[in-house]
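*Asks:* Residues in the sequence shown are numbered from 4 upward in steps of one, following the numbering used here. Here a beta-carbon is modelled for each residue, glycine too, at the ideal position from N, C-alpha and C.
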Amino acid sequence: MSDIVAILERELGAGLIVGPGHERLDDYGRDESPLPEFFPPQCAVLCESTEQASAVLRICLERKVPVTPRGAGSGMCGGALPVAGGVVLSTEKMQRILEIDPADLVAVVQPGVVTGVLQQQVEAQGLFYPPDPASLEFCSIGGNAATNAGGPRAFKYGVTREYVLGLEVALMGGEVLRCGRRTAKGVTGYDLVAGFVGTEGTFGVITELVLKLLPKPPAAATVLGVFADIAAAGAAITMLLRDGLRPRVLELADRHSIDHIRAKSRYRFPENAGAIVLIEVDGEPDSMGMMMEKIGLRCDELGAIDVLGATEPAERRAVWEARRLISPSLKEAYRIKVNEDVCVPRGKIVEMLARVDQVSAETKIATAVFGHAGDGNLHVNFLSNDDPADPAVRAHMWSAAKRVFEHTIALGGTLSGEHGIGLTKRDYVHLEQREQLIEWQRRWKQMWDPSNLLNPGKKLPARTRACSE
Ligand code: MLT
Ligand code: ZN
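1. Taking only the alpha-carbon atoms, compute the straight-line gap between GLU254 and ASP246 and give it to the nearest angstrom.
2. Checking 9 Å against the spacing of the C-beta atoms, do THR94 and ARG73 come in under that value?
3. In angstroms with no decimal places, state the Cα-to-Cα distance between GLU304 and ALA371.
4. Closer than 6 Å by C-beta to GLU324: which residues in its own chain qualify, once you throw out the five before and the five after it? Chain order, please.
5. Looking only at DSSP bridge pairs, what is THR163 linked to?
6. With a threshold of 8 Å (Cβ to nearest heavy atom), would GLU421 be considered close to the ligand ZN?
7. Closest by CA to ARG349, which one among THR366, ALA336 and LEU381?
8. Give a single yes or no on whether ASN384 has its beta carbon closer than 8 Å to a heavy atom of the ligand ZN.
9. To the nearest angstrom, how far is the alpha carbon of ILE20 from that of GLU26?
10. Helix, strand or coil: which one does DSSP assign to THR71?
11. Whole angstroms are fine: how far does the CA of ASP30 sit from the CA of ASP389?
12. Using beta-carbon positions only, say whether LEU139 and ALA110 come within less than 9 Å of one another.
13. Are at least three pairs of beta-carbons, each pair with one atom in the region 38-46 and one in the region 72-89, less than 8 Å apart?
14. Is HIS375 near the ligand ZN, going by C-beta to nearest heavy atom under 8 Å?
15. Using DSSP with H/G/I as helix, E/B as strand and the rest coil, what is PHE41?
16. When the Cα atoms are used, what is the spatial distance from ALA17 to ARG437?
17. Taking the C-alpha atoms as reference points, what is the distance between LEU386 and GLY177?
18. To test your reading of the DSSP string, which unbroken beta strand (DSSP E) runs of 3 or more residues are found completely within the region 314-356?
19. Counting Cβ pairs closer than 8 Å, one from the region 226-233 and one from the region 325-344, do we hit at least three?
20. Mind checking which residues open and close the beta strand (DSSP E) that includes PRO181?
21. In the DSSP output, what is GLU14 paired with across the bridge?
22. Is any non-hydrogen atom of the ligand ZN found closer than 8 Å to the C-beta of ALA110, if you look at the structure I gave you?
23. With DSSP collapsed to three states, give me the class of GLU442.
24. Exposed or buried, ARG258, counting other C-beta atoms within 10 Å across all chains shown (16 or more means buried)?
25. Exposed or buried, which one is LYS267 when buried takes at least 16 other CB atoms within 10 Å?
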């Protein structure tokens with residue numbers, strides 16, 4: 004047994020350690036990213052408290068062992084993969100909701116709380132936590148904050164960053180820092196909360212969060228606009244955005260995406276659907292009918308071949324279950340699924356969809372496109388049943404993804420709207436950001452983690468040899 008495993012067992016107790024020979028150890032070498040490789044750590048420590056997380060970070064700095072923080076392992080970009088080996092610090096057991104305060108409109112939670120569980124708990128008290136990544140049944144709040152996760156409702160309510168008021172963070176070396184606040188506003192000092200959210204566990208390990216809550220909207224309703232094809236649906240989204248409508252959700256799914264969920268879905272999607280625009284509104288119950296009618300009429304005017312409404316909770320649940328099934332269903336159907344997460348300025352959605360089609364035609368790789376089109380955030384999936392172990396096949400898939408990145412940047416967009424950069428996209432950051440900007444970010448990382456032991460090899464491209472220290 005390696006030195007570090009023995010030391011951690013001695014200091015923290017063997018009960019927290021998933022070590023060599025443990026049947027679950029390999030799980031900590033994988034996540035939901037489309038990588039064929041597997042990165043086994045020496046061990047995973049399933050921390051139950053801030054003190055334990057801090058101890059792991061102290062011991063690992065003393066021993067110069069890399070540490071990879073991990074939430075629920077639902078990330079899609081390899082952000083939680085221990086690429087340098089060492090120790091995985093998992094927060095999956097830190098699942099306590101410490102406080103829900105309806106007067107202050109805040110919740111205080113540990114990072115391992117499952118997002119959907121938090122939503123249910125606050126909704127039971129008439130409150131609302133809007134960020135709703137598709138993996139909400141199993142992803143955790145700590146991971147959501149680490150990646151600044153979004154989801155469909157980000158269209159109206161914004162992403163995780165907007166709901167994190169305060170953080171407790173354990174730093175490499177074991178120091179514990181509390182930053183932020185629990186008030187609705189506050190500008191004392193620099194905004195370190197913003198500096199930790201979205202850094203994918205490269206600056207510190209989030210051990211507690213103060214989250215902003217809202218009053219729960221009293222009612223919600225869902226409208227499905229059915230279009231002949233994705234171009235028509237994309238054009239309708241552009242027009243709906245120009246109308247100044249502010250539904251809480253404005254989603255798109257192409258035919259390929261819909262076809263993959265048909266068989267499993269309790270909701271019956273129309274056979275003639277070439278693409279679907281999913282629109283959801285919320286507000287006072289007696290305004291729902293009028294809002295749905297307005298949206299329905301507008302979809303008709305914009306060329307919808309059918310418009311369907313869903314107001315009953317069971318029907319709406321069925322629609323959302325189906326929507327959340329798109330990604331897992333594609334993963335099940337194909338041996339390779341390179342799922343990208345580009346985000347373009349809203350005015351460029353139609354052009355971007357055309358360019359994705361063009362890349363698919365040029366590379367002869369099948370695509371499925373769905374996602375948060377109202378935000379310009381498109382999940383472009385490259386799909387293949389070729390051999391994932393064949394390097395040429397993988398290189399071809401990634402060359403298609405790169406073309407999509409290039410088109411995205413040319414249109415003024417960004418590589419990732421919500422999934423993160425992690426491992427899979429770090430080599431493409433140069434397409435979007437200049438070396439000067441990347442270098443300033445490396446210096447920032449160095450401030451928190453001078454030994455580069457905390458989640459190394461993620462988020463930013465490696466320095467080229469010419470400019471390495
Ligand atoms: C979604 O919106 O379904 C996810 O963010 C995309 C995915 O799982 O690929
Ligand atoms: Zn998404």
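*Replies:* Working from what's here:
1. Each residue's alpha carbon lies about 16 Å from the other.
2. ARG73 sits close to THR94, with the two beta carbons spaced by under 9 Å.
3. As the crow flies, the alpha-carbon of GLU304 is around 26 Å from that of ALA371.
4. Around GLU324: no qualifying Cβ.
5. In the DSSP output, where bridge partners are listed per residue, THR163 has none listed.
6. Relative to the ligand ZN, the nearest heavy atom lies less than 8 Å away from the CB of GLU421.
7. For the residues THR366, ALA336 and LEU381, the minimum Cα distance to ARG349 belongs to LEU381.
8. The answer is no for ASN384.
9. In this structure, the straight-line span from the alpha carbon of ILE20 to that of GLU26 is close to 12 Å.
10. Of the three classes helix, strand and coil, the one that applies to THR71 here is strand, per DSSP.
11. Their backbone Cα atoms lie some 25 Å apart in a straight line.
12. No. Outside cutoff.
13. Counting Cβ pairs under 8 Å, three or more are found: they touch.
14. HIS375 Cβ: within cutoff of the ligand ZN.
15. In the structure shown, PHE41 sits in coil (DSSP, three-state: anything other than H, G, I, E or B).
16. Cα-Cα distance, rounded: 46 Å.
17. Each residue's Cα considered, the two are about 43 Å apart.
18. Runs found: 339-346.
19. As far as the Cβ criterion goes, the region 226-233 does not touch the region 325-344, which means the pair count is below three.
20. As written in the sequence, residue 181 is Arg, which differs from the Pro given in the question. Where ARG181 is concerned, the enclosing beta strand (DSSP E) stretches over 179-183.
21. Answer is none; GLU14 lacks a bridge partner.
22. No, the ligand ZN has no heavy atom inside 8 Å of this Cβ.
23. DSSP, reduced to helix, strand and coil, places GLU442 within a helical segment of the structure shown.
24. By the neighbour-count criterion, in which 16 or more other beta carbons inside 10 Å mark a residue as buried, ARG258 falls on the buried side.
25. Exposed, because fewer than 16 other Cβ atoms sit within 10 Å of the Cβ of LYS267.
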